[in-house]
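Chains as they are written, first to last, in the working numbering: chain A, 1 to 144; chain B, 1001 to 1144. Following: one structure in structure tokens, then a few remarks.
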DNA sequence: TTATAAAAAGATACGTAAGTCTTTTTATAT
DNA sequence: ATATAAAAAGACTTACGTATCTTTTTATAA
Ligand code: FES
Ligand code: FES
């Protein structure tokens, strides 16, 4: 459903958060290794997330990526929005120009609930909550 | 969620079915006009659907597209599978190589139900059922 | 049997997502 | 100050989804 870029972004942010808890600020090479993503491209994705103020970075020796306010949770939607665009959860599943409940396509009544439950989910889940699951060993960050 | 190609395919098939009921076999130019899609590309998409035995076609004067067994319903999944590939509803929402309930990613418990409800939906909905809604004027085929 | 109308086929182009390579900037440690 | 280590930036590729144009094949009507 989501693009690879968005998947890398979410996995990278989760890893950064986990490391931050331990007092570390990982660099993109380490991140890429740990989440199993292409190194340079991960750097580009993180550059974009930094510009979007979703994560912070420090250049130079000892630099890396970190969250300025780790307590302030970041929803997955915020990440999806930054990468896939604002319209992602508003589109018609049948491909019409707009989704319109008052003049629906023949898929609307069945598609809209699915789309909206996905939207709800990504608004509830946060980078922090995913990281927490991994730290509790209830889930895995990668599959190497 | 679905690619444009798949959306064109579904809309085209619905239109073909509606016209078939009226005893017509539309050509791709007429279809493209009615579903608001690029003409030649729609021809290519229908060519693929014909090869996949989802719809039939006749060349030559009086030719066009039609369903061989209009009573045999075609699920949306069958169309999605033909265009997006068999793996579409099996992928991990977090981007891991495989989705595995027994070794889940941190999104699995929340993502899998959404993905599976989408899967269920496209297995229940058929070209025929969508066409029926349009014929009852409960839904629209396009937004011109 | 010839003209016509239609899909099929093949070649090509465009646009965006995904990915790589090289250089520049910046912070830190020595 | 200088060397070093890190992200940022820019140019470039590659892959794929989307789209167009032209030619070929095939069925029908006249
Ligand atoms: S109008 Fe198509 S999904 Fe709402
Ligand atoms: S393991 Fe990620 S969705 Fe199932």
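A virtual CB, placed ideally from N, CA and C, is assigned to each residue, including glycine.
Open item on the list: Under 8 Å: do the segment 1119-1130 of chain B and the segment 106-120 of chain A share three or more Cβ pairs, one atom per stretch?
Closed with: yes
Open item on the list: List, in chain order, every chain B residue whose beta-carbon is nearer than 8 Å to that of residue 58 (chain A).
Closed with: What residue 58 (chain A) touches in chain B: nothing, since even the nearest Cβ is about 26 Å away.
Open item on the list: Contact defined as beta carbons within less than 8 Å: I believe residue 52 (chain A) pairs with residue 42 (chain A). What is the distance between those atoms, to the nearest angstrom?
Closed with: Actually they do not touch by this definition, with Cβ atoms about 15 Å apart.
Task: Cβ pair count under 8 Å reaching 3, the segment 1089-1102 of chain B against the segment 126-144 of chain A - done: Enough Cβ pairs lie closer than 8 Å, so yes.
TODO: Figure out for me which residue from B:1001, B:1136, B:1131 and B:1139 has the closest Cα to the Cα of residue 1075 (chain B).
DONE: B:1131
- [ ] Run the CB neighbour count on residue 1038 (chain B), radius 10 Å, all protein chains shown included, and call it buried at 16 or more, exposed below.
- [x] exposed
Task: Enclosing beta strand (DSSP E) for residue 37 (chain A) [first to last residue] - done: Note, residue 37 (chain A): premise wrong, no beta strand (DSSP E); not H, not E.
Open item on the list: Against chain A, with Cβ distances strictly below 9 Å, would residue 1140 (chain B) count as a contact?
Closed with: yes
- [ ] State the start and end residues of the unbroken beta strand (DSSP E) segment that holds residue 1066 (chain B).
- [x] 1064-1066
- [ ] Count the other C-beta atoms from every protein chain shown that fall within 10 angstroms of the C-beta of residue 47 (chain A), then say buried if there are 16 or more, exposed otherwise.
- [x] Counting Cβ neighbours within 10 Å, residue 47 (chain A) comes out exposed, since fewer than 16 surround it.
Open item on the list: Would residue 20 (chain A) and residue 67 (chain A) be called neighbours here (beta carbons separated by less than 9 Å)?
Closed with: yes
Open item on the list: Does chain A have any CB closer than 9 Å to the CB of residue 1055 (chain B)?
Closed with: no
Open item on the list: Any heavy atom of ligand 2 inside 8 Å of the beta-carbon of residue 130 (chain A)?
Closed with: no
Open item on the list: Nearest by alpha-carbon distance to residue 1080 (chain B): which of B:1101, B:1022 and B:1125 is it?
Closed with: B:1125
TODO: Taking residue 34 (chain A) as the query, report the chain B residues whose CB atoms sit under 8 Å from its CB, ordered along the chain.
DONE: Within chain B, no residue has its beta carbon less than 8 Å from that of residue 34 (chain A); the closest one is some 13 Å off.
- [ ] Give the straight-line distance between the Cα atoms of residue 1030 (chain B) and residue 1056 (chain B), rounded to the nearest whole angstrom.
- [x] 16 Å
Open item on the list: By the DSSP assignment, the alpha helix (DSSP H) with residue 121 (chain A) in it spans what residues?
Closed with: 108-124
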